[in-house]
Amino acid sequence: MNPLDKHKLNELLLLLIDGQLTDEQFVELEKHFTDRPETLDYYYEFIRVQMALQNDDMVPIAMPSPSSIVLDQQSKILPEIIEADYEAIEKQNLAEIEPKQTKSGSTYHRAVPSYTSLFKAVGSIAAMVFVALMLSSLQNYYARQKHHINTNQLQPVATVTELMDTQWASDRQVAIGNIIYPDSMELKQGYIGIELKNGAKVTIEAPAKFSIDDSETMTLLYGKVYACVPKKAIGFTIDTNYSRVIDLGTEFGLEVMGNGDQNLHIYKGKASLMAGKSLANKTSNIIEAGQSRKYDATTDRVSDIAFEKNKFVRHISSAYKIVWRGQGLSLADMVGGGDGMTGGKSKAGILAGNGQICLDVYKAIGQIRSEDLCGNQYNSVDMKYVDGVFVPQGQIEKLQVSSLGHTFNQAIEANGTYICKGIINLCGTGSNLEGGWVLNGIEYGIEGNPAIIMHRNKGITFDLDEIRQDYPDRKIVGFTSVCGLSEIIQNFPKDAISANFYVLVDGQVRFEYNHAIATTGGIPIEIELNPDDRFITLITAYDSIGMRNLSLFGNPTLQLD
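If you use the working numbering, the sequence shown corresponds to residues 477 to 1037, in order.
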């Protein structure tokens, strides 16, 4: 069954459970069974899931495929099943259904299956086989097998792909590349990345107790897990004590607390949440991207909660000590030697005239000779994410802007030859040097609001491919920032100094703003980035002459998806 068929079948079966299947959709479901014999096995597994949800003691252990069961078995027990279902319906007094109270005080009536819906539930050959076999033997089978698992027959179900700062509750030894067999694992500290055999990837954050049950299913007793599920792994499932989350092509985060409370956030696609302590209270909800739900173990109810974008760890890298929760990557932090999230040093940066890295650029200025700095020359930088820097000088029509020879082929005016202060500086943790950097009344260069400070006529290029290597499961989809001249300019009228700002991608202009002055305020930048874009370049070029002309890119951020 291809992923699209599997995805559609999941939707139809979930609608069937909820009693929301239309006549047209029922015909479509019937066609799945008629045209695709393998759907029989898949529907069998789906019913097995529902039985496990209805009985908290059940353990999802594989059973023989229904395709191995001869059809005459169904003829012996089918009449009994249909008769039992009729009797169950007859016992209900449809005219006296007790109304339920919602949180808002309004009432609703629980839907009761009609004779027509009953026939839909057991009308197909596949449904007849499954309902009959499940209700007659499934629970007894689980009871027999629950405590008699032959460990010699366990199959590998997943692989450890990442570990970071881990501490286990036992003397367990886990390393990257280890094969995982069905087993309970308790992580006291740190993070672990796991890829299941079906291709689903999960990142688990301690404290957590979990198990990978088979190639498509895991159990989370407590902790946080983020799941990234490709199309080929649609149907990946996470069980908890009181719920089951079934993927329908998603990225989602699930948090389970020690008291049984749970939070589910859907970041892409959608998933089904089935929750409740008992069969009578079990509910099924299909939740879509940008939505989240809370299951309250005390009240046994599911409710809406606010969606939190950065709640879960989505990616870890032990090699570079990266713990990524979905936030953008700060280019200002990278200028200061960080990884885009942490580690960048305030006042650290690069001398644009020669590419020298400085822990304190302002102290280094006095030690630099003018003859050591070259205008219009591309200078490589020995930093992981920064490709190089340069100083545009004079009237320029062609300027190299990357180590691979990309050029900026647009005529620009870069007035002034004073380049000893030609620096690019990170001020990420707060220092009010030279009076501060302010755009639209907002101060930049302070903790939580970083900036790249670029004195006149400077350029810096970042290597996007180097960044992608550390985030192989993510896409760099855009760049955002705010640029301008600081509203605090000492000793000069605010309209006496003007500058031009550019953002290039592989030498091509993606953003341009000319003749900005201090009273212009912050100029927003928002550009899209494509998978084949290699370099992004930030440039400020002055078309007036002045000394304390402080230009900046505030909160320069790469957006990941």
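A virtual CB, placed ideally from N, CA and C, is assigned to each residue, including glycine.
Small disclaimer: the values here were computed from a predicted structure and weren't measured.
{"Item": "Same chain only: Cβ atoms within 7 angstroms of L547, ignoring 5 sequence neighbours per side", "Value": "For L547, the predicted structure reports a pLDDT of 35, less than 50, and the residue's modelled location is therefore unreliable. The matter cannot be settled from this model."}
{"Item": "Whole-angstrom C-beta distance between A703 and E727, which should lie under 8 angstroms", "Value": "7 angstroms"}
{"Item": "Rounded straight-line distance, which links the Cα of K484 to that of G751", "Value": "In the sequence on display, residue 751 carries Ala and not Gly. Going from the Cα of A751 to the Cα of K484 covers about 22 angstroms."}
{"Item": "Nearest-angstrom beta carbon gap, K664 and A645 [assumed within contact, 8 angstroms]", "Value": "5 angstroms"}
{"Item": "Coil, strand or helix - I836 by DSSP", "Value": "Going by the sequence as given, residue 836 is Asp instead of Ile. Note: D836 maps to coil in three-state DSSP."}
{"Item": "Simplified DSSP state of N757, which is helix, strand or coil", "Value": "coil"}
{"Item": "Cβ-based neighbour list, I816, same chain, cut-off 6 angstroms, excluding 5 preceding and 5 following", "Value": "The question names Ile, but residue 816 in the sequence shown is Gly. Correct list, in chain order: L805, S806, D809, M810."}
{"Item": "Nearest residue (CA-CA) to R777, options L672, E784, R769", "Value": "R769"}
{"Item": "Beta bridge counterpart(s) of G960 as assigned by DSSP", "Value": "L1028"}
{"Item": "T944, enclosing alpha helix (DSSP H) - first and last residue", "Value": "Checking the displayed sequence, the identity of residue 944 turns out to be Arg instead of Thr. Here the alpha helix (DSSP H) through R944 covers 940-946."}
{"Item": "Cα-Cα separation between L875 and F866, rounded to whole angstroms", "Value": "9 angstroms"}
{"Item": "Rounded distance between the beta-carbons of A747 and V789, thought under 8 angstroms", "Value": "Not a contact, Cβ separation roughly 19 angstroms."}
{"Item": "6 angstroms Cβ shell around M640 - same chain, five flanking residues per side excluded", "Value": "G666, Y667, I792, S794"}
{"Item": "Closest residue to D1037 among Y989, I999, T937, D949 (Cα-Cα distance)", "Value": "D949"}
{"Item": "Backbone CA spacing between T1033 and N976 [nearest angstrom]", "Value": "20 angstroms"}
{"Item": "Per-residue burial, Y657 [other beta carbons within 10 Å of its own, 16 or more giving buried]", "Value": "exposed"}
{"Item": "Cβ shell of G675 (< 6 angstroms), same chain only, five flanking positions each side left out", "Value": "P706, K708, A709"}
{"Item": "Simplified DSSP state of L740, which is helix, strand or coil", "Value": "strand"}
{"Item": "Closest residue to T883 among N852, T716, N830 (Cα-Cα distance)", "Value": "N852"}
{"Item": "Simplified DSSP state of N654, which is helix, strand or coil", "Value": "coil"}
{"Item": "For L609, the three-state DSSP class (helix, strand or coil)", "Value": "Confidence at L609 is low in this model, with a pLDDT of 37, below 50, so the placement of that residue is unreliable and no value is reported for it."}
{"Item": "Rounded C-alpha distance that separates V914 from S856", "Value": "30 angstroms"}
{"Item": "Proximity to T642 [Cα-Cα], best of L940, I680, S719, E919", "Value": "I680"}
{"Item": "Counted within 10 angstroms of its Cβ, other Cβ atoms place D533 as buried (16 or more) or exposed", "Value": "Only weak support exists for where D533 lies, its pLDDT of 43 falling under 50; the coordinates are left without a value."}
{"Item": "C-beta atoms of I1001 and S957 nearer than 8 angstroms", "Value": "yes"}
{"Item": "Identity of the residue in I655, F987, N1006 nearest I999 by Cα", "Value": "F987"}
{"Item": "Cβ-based neighbour list, N1105, same chain, cut-off 6 angstroms, excluding 5 preceding and 5 following", "Value": "As shown, the chain starts at 477 and ends at 1037. That puts residue 1105 outside it, with no answer to give."}
{"Item": "Helix, strand or coil at A709 according to DSSP, with G and I counted as helix", "Value": "helix"}
{"Item": "Endpoints, the alpha helix (DSSP H) within which D809 is located", "Value": "807-811"}
{"Item": "Where T498 sits in the DSSP three-state scheme", "Value": "coil"}
{"Item": "Euclidean distance between Cα positions of S760 and N717", "Value": "15 angstroms"}
{"Item": "For V862 and T818, the rounded distance between their alpha carbons", "Value": "16 angstroms"}
{"Item": "Residues of its chain near G734, where Cβ-Cβ distance is below 6 angstroms and the 5 sequence neighbours each way are ignored", "Value": "Y698"}
{"Item": "Ranges of the beta strand (DSSP E) found wholly within the stretch 771-824, counting only runs of at least 3", "Value": "777-780, 791-793, 798-800"}
{"Item": "Best match in L880, Q886, G864 for proximity to E873 [C-alpha to C-alpha]", "Value": "Q886"}
{"Item": "Contacts around F783, its chain only, beta-carbon distance under 7 angstroms, and the 5 residues preceding and following it disregarded", "Value": "H741, G766, Q767, S768"}
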